[in-house]
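Engineer: Counted from 1, the sequence shown has number 1445 at position 174 by the numbering used here; the numbering is strictly sequential.
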Amino acid sequence: MKDFDASGASCTPLVLLFDSMVWDEVLVNSRLQDLLVFGEAHGCIEIVRTHVQIDQNEAMRTTKPVKFTEINGLRAQLQEKDVPTEGFVLGVSRLGQAKLGSDDSNLAFEELMGNQKRTLKNASDALLAVSAEFGQRFFVSGDQRLVDKSVNLGFKVIPLSSFEGWLGSLLASKS
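Listed below in structure tokens is the structure:
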């Protein structure tokens, strides 16, 4: 893990990619919201997103309009950067916003999918994990099955259950 410089004036940002369910926790946790805003404002973290998360949030526009608006409000406070997904799955990926996967990323995707039911939701989640790893980012997820499989593949994963503590420890020397 990268450290802050001795002066405390700056740090090398750690790049985070969130599973969409992370926003549910951020929405109800004001301390986590503050940590994200602080960490990003001080250049310690950078948050990236793919069209997959945007599409997943967009799907709740009509079913959960209040939650949709609140999550978008939170995301607007941050300076998320758009990145392409590191693989292409029909029915999930968008042309121009997804790369064709490499042999390694495709193999990792297949390992994450495993023998489970092949749904677009599972494919979306696996694409996010692969996009984090092959884009050299930390993947934050509350899906324990996905976290376990990602860890077994050697991915840089932060389980949602320990994310607030991890982020607080990272930023402790900045406050």
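Beta carbons: idealized from backbone N, C-alpha and C, even for Gly.
Only a predicted model underlies this, so the values are computations on that prediction, with no experimental measurement involved.
Could you check whether valine 1297 and valine 1319 sit closer than 8 Å to each other, using their CB atoms as the reference points?
Structural biologist: no
Engineer: Specify whether the segment 1313-1329 and the segment 1362-1369 touch according to this definition: at least 3 beta carbon pairs, one from each stretch, less than 8 Å apart.
Structural biologist: Taking 8 Å as the limit for Cβ pairs, the verdict is that the segment 1362-1369 does touch the segment 1313-1329.
Engineer: Along the chain, which unbroken stretches of the beta strand (DSSP E) at least 3 residues long are found entirely within the segment 1275-1347?
Structural biologist: 1285-1289 and 1316-1320
Engineer: Write down every uninterrupted run of the alpha helix (DSSP H) in the segment 1370-1426 whose length is 4 residues or greater and which is fully enclosed by it, in chain order.
Structural biologist: 1374-1384, 1391-1405 and 1415-1423
Engineer: Looking only at its chain, what residues have a beta carbon closer than 6 Å to the beta carbon of lysine 1427, apart from the 5 residues adjacent to it on each side?
Structural biologist: Phe1409
Engineer: How about the segment 1283-1290 and the segment 1394-1403: do they share at least three Cβ pairs that are nearer than 8 Å?
Structural biologist: yes
Engineer: Rounded to the nearest angstrom, what separates lysine 1335 and glycine 1413 at their Cα positions?
Structural biologist: 20 Å
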